[in-house]
Amino acid sequence: MAAGLLSVLSKREFGDVTARYVTDEKGNVGLWLYPTSAASALAERRATVADESWVRNTATAKPAIVVEPLAHVKIVGDDQPGQFGPGRTLLWSTSNDRFSLAGQRYEDDAMVTILSDSTGLRLEHRLVSGPYNLTLRSETRFVNASDRPVRLELLTSFALSGITPFAIDDAPGRLKAHRFRSVWSAEGRLVSDSIEHLHLERVYAGGMKLAERFGQVGSMPVRGWFPTALIEDTEAGVVWGVRIACPTSWQLEIARRYDDLTLAGGYADREFGHWTKTIQPGETFNAAPAWLACVSGTVDDACDRLLSVDIPAVEAQPAIEHDLPIVYNDWCTSWGAPHEDKLLETADRLAPLGVRYLVIDAGWYMPEVPGAHWATTMGDWEANLARFPLGLATTAAGIRERGLIPGLWMEPEHVARDSSAFHQVDHLLKRDEQTLTLELRRAWDLHDPWVHDFIDKQVIRTLANAGFGYLKIDYSETLGIGVDHADGLGEGLRRHGEGTHALFDHIRSALPELVTELVSAGGGRMEPSLLQRTSMASSSDAHEVVEIPIIAAALHRLVLPRQSLIWAVVHGDDSLRRLAYTLAATFLGRMCLSGDLVELDEEQLAFVKSATELYRRAAPVIRDGVTRLTEQFGASWRHPTGWQGVVRSTSEQVLVVLHTFKDSPMTLTVPLPGSNWHVVDTLTSLSVTIRGDVLEGFSESDFDAQVVLLERL
Numbered sequence: 001m002a003a004g005l006l007s008v009l010s011k012r013e014f015g016d017v018t019a020r021y022v023t024d025e026k027g028n029v030g031l032w033l034y035p036t037s038a039a040s041a042l043a044e045r046r047a048t049v050a051d052e053s054w055v056r057n058t059a060t061a062k063p064a065i066v067v068e069p070l071a072h073v074k075i076v077g078d079d080q081p082g083q084f085g086p087g088r089t090l091l092w093s094t095s096n097d098r099f100s101l102a103g104q105r106y107e108d109d110a111m112v113t114i115l116s117d118s119t120g121l122r123l124e125h126r127l128v129s130g131p132y133n134l135t136l137r138s139e140t141r142f143v144n145a146s147d148r149p150v151r152l153e154l155l156t157s158f159a160l161s162g163i164t165p166f167a168i169d170d171a172p173g174r175l176k177a178h179r180f181r182s183v184w185s186a187e188g189r190l191v192s193d194s195i196e197h198l199h200l201e202r203v204y205a206g207g208m209k210l211a212e213r214f215g216q217v218g219s220m221p222v223r224g225w226f227p228t229a230l231i232e233d234t235e236a237g238v239v240w241g242v243r244i245a246c247p248t249s250w251q252l253e254i255a256r257r258y259d260d261l262t263l264a265g266g267y268a269d270r271e272f273g274h275w276t277k278t279i280q281p282g283e284t285f286n287a288a289p290a291w292l293a294c295v296s297g298t299v300d301d302a303c304d305r306l307l308s309v310d311i312p313a314v315e316a317q318p319a320i321e322h323d324l325p326i327v328y329n330d331w332c333t334s335w336g337a338p339h340e341d342k343l344l345e346t347a348d349r350l351a352p353l354g355v356r357y358l359v360i361d362a363g364w365y366m367p368e369v370p371g372a373h374w375a376t377t378m379g380d381w382e383a384n385l386a387r388f389p390l391g392l393a394t395t396a397a398g399i400r401e402r403g404l405i406p407g408l409w410m411e412p413e414h415v416a417r418d419s420s421a422f423h424q425v426d427h428l429l430k431r432d433e434q435t436l437t438l439e440l441r442r443a444w445d446l447h448d449p450w451v452h453d454f455i456d457k458q459v460i461r462t463l464a465n466a467g468f469g470y471l472k473i474d475y476s477e478t479l480g481i482g483v484d485h486a487d488g489l490g491e492g493l494r495r496h497g498e499g500t501h502a503l504f505d506h507i508r509s510a511l512p513e514l515v516t517e518l519v520s521a522g523g524g525r526m527e528p529s530l531l532q533r534t535s536m537a538s539s540s541d542a543h544e545v546v547e548i549p550i551i552a553a554a555l556h557r558l559v560l561p562r563q564s565l566i567w568a569v570v571h572g573d574d575s576l577r578r579l580a581y582t583l584a585a586t587f588l589g590r591m592c593l594s595g596d597l598v599e600l601d602e603e604q605l606a607f608v609k610s611a612t613e614l615y616r617r618a619a620p621v622i623r624d625g626v627t628r629l630t631e632q633f634g635a636s637w638r639h640p641t642g643w644q645g646v647v648r649s650t651s652e653q654v655l656v657v658l659h660t661f662k663d664s665p666m667t668l669t670v671p672l673p674g675s676n677w678h679v680v681d682t683l684t685s686l687s688v689t690i691r692g693d694v695l696e697g698f699s700e701s702d703f704d705a706q707v708v709l710l711e712r713l
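Shown next, in the form of structure tokens:
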């Protein structure tokens, strides 16, 4: 720590991480994190930039570091932040100057820091260990104990500063930012940039407000970016990471004024997400929760920790999920036109394969009228009796008679233009006092009691009365900037997210043994607050394309594999090599079969059975393992070249999944976690050899695959 105006207010160890709170004579408080084991490597920070070559008067040299707030707030009416901040960031607003340290205490395993102003406003920041002591949960609360309303336009969930405490200066050339892009059917691409490449080098004089603000606006929280970011000190070997839990608009900022970086975020602010919020006297408001990690290690190590926060919630899902049952979904079979006879014919094929769930996808409700389409008729949730002549309950019973659990697709938050529900405008969301129409869809007001009754009757009662044990909850359009509310569109959207949480919680309460699948045009909703409310997530709508294994592997950094549903669409004209490529990808998450299963011949069906049997044997390591990737492919996912190796391991098992792409080498080499492993099963004839702590695979063709299960000697 520099000998300047900063001093250490307190330190607290959370697991193997130390939280250092710094302060100054004005009562500002900042939060630094570092691995406790790296304490001896902390640098003696410079107080000013007097050592820089451009400084002529060292006596008046600019500061090098200052206390950066652990929570940032902007109150409507307060001056905008100067020094080129407006439009780029609301961090460091003059509202922060109102607040100074009022107290700090350690209670209930949490460090609570309170900042207050002279009018009765308070900021309360709480830092507590996450599950297994691997992460920290950051919570920020705004308390209005004044005598007048206050309107917020920014409140961060967290703000980490002091990055990096291992450099004496502004750490040139050693800091990297890691983020994850996402678009439909291409979720989870890791993007790594140097801080210099992001143009976030400290301006020579200091004080200029630099920020890379990014996030998502709308009700599909994984659209453009995942709400996860990491900063790596490549020389110290330390990574800081964050994961925000928010089902609607959110933002993250990598920002800088002086030597140190700040990583901050939470709900999207007024500039980014059209958000303001009025807090009445006596009221409080909580920012979105954020999970923090700090490790001596790699980006993958930090991502493992951030994902660990989902494990307790997933463990609390229905017990049937524990051994990762295999799913069959009829979408890539019927393409929106399911029929009872076809489903039962498929069920006869599935039972011997060890598949547990048979999910009826979209179109089961579609009326038999000219021009009808599954996407335009959803919302009334009345079964098509031409396709299900004796009703859904009879079909579900037939599926159960064949040893399978029936599942059903619904999109309960939306209604489509050719449904009766589409015209219930008094109960649908509005923008600018007009019913909000999203091309084909409109959305229910989830705070409306009438809507609650409708969902109870048409969704929950339909599932319960027909005996379904599985619900695929889709969400295939975003609400955009927001919906009507007295505080504006952004607050209307944030409040709608609370309604989404309440809906998921209500379904779970009403049907506690129901297995739920989170879907949003594939992976558009894979953020912590919804992942923790569901059994699994359809990780992508990539159904039959060659990039499926690349997407599935990339998502290991962002979704627990035990929750990541991977499609394997099979066809009667598939070669065994094509079947192997398709099925091998499902070992990177949850196996989901679809396609023309009844058209497979005996050889093909036997191969699928060998895959399902190996999958069930590998389920423990898929569920509980740790992943490391060997990525040797080019920039294109759509037209991949090279190859990919995924190693997932526990102390007792190792699962290796290899995929080759165009122009792959013949020899594929992946490191193993130690030695003394032997092969107990494989999926294909692609040969493999173990040499100490390395596995070698030998491929003779492009777009080949192998799955290898290893156990201890």
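As numbered in UniProt numbering, residues 1 to 713 make up the sequence shown, in order. Cβ coordinates follow ideal geometry from the N, Cα and C atoms, glycine included. None of these values were measured; they are calculated from a predicted model.
Cutoff 8 Å; reference residue i; Cβ partners in own chain excluding five residues on either side
i           : result
residue 364 : 338, 383, 384, 387, 388, 392, 408 and 409
residue 713 : 676, 677 and 678
residue 11  : 18, 19, 20 and 21
residue 356 : 320, 325, 326, 327, 404 and 405
Cβ-based burial, residue i [other Cβ within 10 Å; buried from 16]
i           : result
residue 572 : exposed
residue 589 : buried
residue 533 : buried
residue 132 : exposed
residue 74  : buried
residue 96  : buried
residue 699 : buried
residue 94  : exposed
residue 286 : exposed
residue 465 : exposed
residue 529 : buried
residue 3   : Residue placement at residue 3 is poorly supported in this model, since its pLDDT is 40, which falls under 50; the coordinates still yield a value, given next. Burial call: exposed.
residue 691 : exposed
CB contact flag (residue i, residue j, <7 Å)
i           : j           : result
residue 269 : residue 154 : yes
residue 89  : residue 29  : no
residue 98  : residue 79  : no
residue 569 : residue 332 : yes
residue 641 : residue 704 : no
residue 598 : residue 349 : yes
residue 406 : residue 468 : yes
residue 670 : residue 695 : yes
residue 135 : residue 309 : yes
residue 440 : residue 416 : yes
residue 724 : residue 600 : Outside the displayed span of the chain (1 to 713) sits residue 724, for which this structure offers no information.
residue 553 : residue 629 : yes
residue 164 : residue 264 : no
residue 24  : residue 5   : yes
residue 680 : residue 709 : yes
residue 351 : residue 399 : no
residue 222 : residue 497 : no
Cβ separation of residue i and residue j, assumed to be a contact under 8 Å, to the nearest whole Å
i           : j           : result
residue 242 : residue 292 : 6 Å
residue 714 : residue 301 : The question about residue 714 has no answer here: the residues shown for the chain are numbered 1 through 713.
From the options, residue whose alpha carbon lies closest to that of residue i
i           : options               : result
residue 517 : 152, 328, 158 and 693 : 328
residue 105 : 125, 117 and 87       : 125
residue 254 : 236, 334 and 230      : 230
residue 42  : 296, 50 and 560       : 296
residue 667 : 702, 372 and 682      : 702
residue 431 : 419, 421 and 445      : 445
residue 91  : 209, 709, 453 and 512 : 209
residue 58  : 65, 459 and 50        : 50
residue 279 : 538, 372 and 76       : 76
Close-in-space but distant-in-sequence residues of the same chain around residue i (CB under 6 Å, 5 per side omitted)
i           : result
residue 450 : 427
residue 482 : 274, 489, 490, 492 and 493
residue 632 : 642 and 643
residue 205 : 62
residue 70  : 29, 30, 31, 125 and 159
Close beta carbons around residue i, own chain, < 7 Å, minus the five adjacent residues each side
i           : result
residue 39  : 18
residue 649 : 621, 625, 626 and 673
residue 443 : 413, 414, 428, 429, 436 and 479
Test: residue i CB closer than 7 Å to a CB of chain B
i           : result
residue 209 : No chain B appears in the structure shown, which is made up of a single protein chain.
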